[in-house]
Amino acid sequence: MLSMKHVEEVRLSLDAAFKFRCHKEIGCFTKCCSNIDIMLTPYDIIRLKNRMGMSSGEFLDGHTYVEIDEKASHPFVFLKMNEDAEKKCPFVTSEGCNIYSDRPANCRYYPVGQASLKKMNQETSAPVTEEFYFFVKEPHCLGFNEDADWTIKSWRDDQGVDVYDDMNRGWKDILFRRNLPGHSLDDKKQKAFYMACYDVDRFRRFVFESGFLDKFDIDEKRLEKLKNDDTEVMKLGFDYTKYIFMMEETL
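The numbering of the sequence shown is this note's numbering, which starts it at 21 and goes up by one.
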């Protein structure tokens, strides 16, 4: 499990330089894939359930568990580790990750971490999101001793995290909610959050098989996309969650 003592408490920009390389011959290969909490984003879940040929419900039920954040009471989804002594990731082998092209955002970023803060723009008085980065330096990791040069930006480009960040941006906006009366969610809102943000196939059924379309006006072009495009359903799920959290007046 990642300990905060392994996080360098220095905020880094995209231009921050570092040396790092991970490869099969390095002595610590795949050690970062054991005894760790891998939080899954909504887009992670779509990539993984499609990679495995499962519905979102099947994937969530069989391969994840949920933790409720104590402060905001948001539900967060984590990947289940194997029940062995090392608590290895179920997708890791001696050859590395067997879902590498669809690996979660947290795995792509490692050994870089990302954090976001919501701040007020002093000129416009509008909220803006400030993102920054930090290094995770765990004792077992030898990658920082390798001779490969990166900046945070070039590492992000190489690992393909831009699309993940873009896809998950609406979800992150929800996590910054401030205008909901009180700070906790009741059970009904937690379940709605979970369905709309994580269980994309169930949310699609909810859209088309309940009274959803009688209440909300969704244009025909978007409706057609919702039938087959998981990411469009995910984005509508973000909009719906913002609506029920009173962050938006309508979809």
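Ideal Cβ positions, reconstructed from N, Cα and C, are used throughout, including at glycine.
Since the structure is predicted, the reported quantities are computational estimates derived from the model, not experimental observations.
Residue i versus residue j - alpha carbon distance
i      : j      : result
Gly73  : Lys208 : 29 angstroms
Glu29  : Leu162 : 20 angstroms
Glu150 : Tyr120 : 29 angstroms
Glu103 : Tyr85  : 14 angstroms
Leu44  : Thr50  : Per the sequence shown, the amino acid found at residue 44 is Lys instead of Leu. Between Lys44 and Thr50, the C-alpha separation is close to 9 angstroms.
Asn199 : Tyr214 : Low confidence applies to Asn199: its pLDDT is 48, below 50, so where it sits in the model is not reliable enough to give any reading.
Ala302 : Thr261 : The shown model of the chain, from 21 to 271, leaves out residue 302, and the question about it has no answer.
Phe232 : Tyr218 : 18 angstroms
Lys318 : Lys241 : No information on residue 318 is available, as it lies outside the stretch 21 to 271 that the chain covers here.
Ile65  : Phe79  : 8 angstroms
Pro95  : Gln210 : 7 angstroms
Arg225 : Trp170 : 44 angstroms
Asp239 : Leu271 : 11 angstroms
Asn126 : Cys52  : 11 angstroms
Ser100 : Tyr130 : According to the sequence provided, residue 100 is Lys. The question's Ser does not apply to it. Lys100 and Tyr130: Cα-Cα distance of roughly 19 angstroms.
Asp167 : Phe38  : 10 angstroms
Gln274 : Arg67  : Outside the shown range of the chain (21 to 271) lies residue 274, about which nothing can therefore be said.
Pro110 : Phe236 : 40 angstroms
Residue environment, residue i, which counts as buried when at least 16 other CB atoms sit within 10 Å
i      : result
Thr144 : exposed
Met266 : exposed
Asn248 : exposed
Asp221 : buried
Met140 : exposed
Lys69  : buried
Leu205 : buried
Gly47  : exposed
Asp250 : buried
Ser114 : exposed
Residue i CB to nearest heavy atom of the ligand PLP below 6 angstroms
i      : result
Asp249 : What this structure holds is no ligand at all, so the ligand PLP is not there to describe.
8 angstroms CB neighbourhood of residue i in its chain, flanking five on each side removed
i      : result
Phe98  : Asp57, Ile58, Met59, Leu60, Thr84, Tyr85, Val86, Glu87
Glu252 : Arg242, Lys245, Leu246
Lys192 : Ser136, Thr149
Same chain, Cβ closer than 6 angstroms to residue i, five either side skipped, listed in chain order
i      : result
Tyr63  : Tyr184, Met187, Asn188
Glu268 : Lys262
Residues of its chain near residue i, where Cβ-Cβ distance is below 7 angstroms and the 5 sequence neighbours each way are ignored
i     : result
His26 : Val156, Lys157, Glu158
At which residue ranges does the segment 154–224 contain complete beta strand (DSSP E) runs of 3 or more residues, listed in the order of the chain? Runs of the beta strand (DSSP E) lying entirely within the segment 154–224 and spanning at least 3 residues, in chain order: 169–171.
Starting from the N-terminal side, write out each stretch of the alpha helix (DSSP H) that is 4 residues or longer and does not extend beyond the segment 98–155. 125–129
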